[in-house]
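Trainee:
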Ligand SMILES: [Zn+2]
Ligand SMILES: [Zn+2]
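Residue numbers (this note's numbering): 987 to 1161.
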C-alpha cells in the first residue's frame, strides 16, 4: 500500500496516477484482512498529493449471536491529502501543515503510504454487532447448542424469576 510519488511531486499540479490494488492477505497492525482490493487515484496538488481510494476488504469476523467466524466484506471510500517532508527540487525539509496527522507525511524517500487510511476505514466499516447472516438463530442460552444447526429441546421460556429483579433494577416491587 505504498507508492513512490517522486515523479508526481516533480510534475505539474493536476497530474494524476491511477493504481489498481489487490492484496490477499493483508496485515495492518491489529487488522488481518483476507483480501483488500480497489483503486486509488493520486493527484499532484499545490501542497502535496491528494489521494482518493475506493476499496473493499474482506475480514474474518465472529458472529455476535452464534460466535462462528465468517468473512465480512466492507466497502469504503476515502479522500486524504499527503504532504512531502522534503522539497523534491531543493532537498530542504518541509514541516507538516498544522492539523495534519503524522501518517499524512510522505517520507524522505518520497514514499506515500495509505496503509493507515485503509486500516482506519476497515475498522470504521466493520459492523458493531456482526452477524453471519441476518436471520442467525444464535446459541441457546441454556444448553449452548448452535440453533442454526437444529433447535434444541430446551423450554422456550428462559425467564428465571430469581433474575427478574436484576434485569429491571428500578422495578418498584424489587423485594
Ligand atoms: Zn451467527
Ligand atoms: Zn437449548
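Glycine residues also receive a C-beta, built at the ideal position from the N, C-alpha and C atoms. Bear in mind the structure is a predicted one, so any value in this text is a computation, not a measurement.
Could you check what DSSP says for residue 1102 in three-state terms: helix, strand or coil?
Mentor: In the displayed model, residue 1102 falls within a helix according to three-state DSSP.
Trainee: Does any heavy atom of ligand 1 sit closer than 6 Å to the C-beta of residue 1129?
Mentor: no
Trainee: Of the residues 1092, 1130 and 1115, which one's Cα is nearest the Cα of residue 1047?
Mentor: Out of 1092, 1130 and 1115, 1115 has the C-alpha closest to the C-alpha of residue 1047.
Trainee: Can you give me the C-alpha to C-alpha distance between residue 1078 and residue 995, rounded to a whole angstrom?
Mentor: Rounded to whole angstroms, the separation of the alpha carbons of residue 995 and residue 1078 is 14 Å.
Trainee: Whole angstroms is fine: what's the gap from residue 1090's alpha carbon to residue 1096's?
Mentor: Our two residues, residue 1090 and residue 1096, have alpha carbons roughly 12 Å apart in a direct line.
Trainee: Quick one: what's residue 1047 bridged to in DSSP?
Mentor: 1056
Trainee: Under 7 Å between the Cβ atoms of residue 1056 and residue 1034?
Mentor: no
Trainee: Is it the case that the CB of residue 1138 approaches a heavy atom of ligand 1 more closely than 6 Å?
Mentor: no
Trainee: Starting from the N-terminal end, write out each residue whose C-beta falls within a distance shorter than 5 Å of any non-hydrogen atom of ligand 1.
Mentor: 1049, 1051, 1052, 1118 and 1122
Trainee: Return yes when the C-beta of residue 1047 is under 6 Å from any heavy atom of ligand 2, and no when it is not.
Mentor: no
Trainee: Residue 1008 bridges to which residues according to DSSP?
Mentor: 1023
Trainee: Any chance the region 1005 to 1012 sits against the region 1022 to 1033, with 3 or more Cβ pairs inside 8 Å?
Mentor: yes
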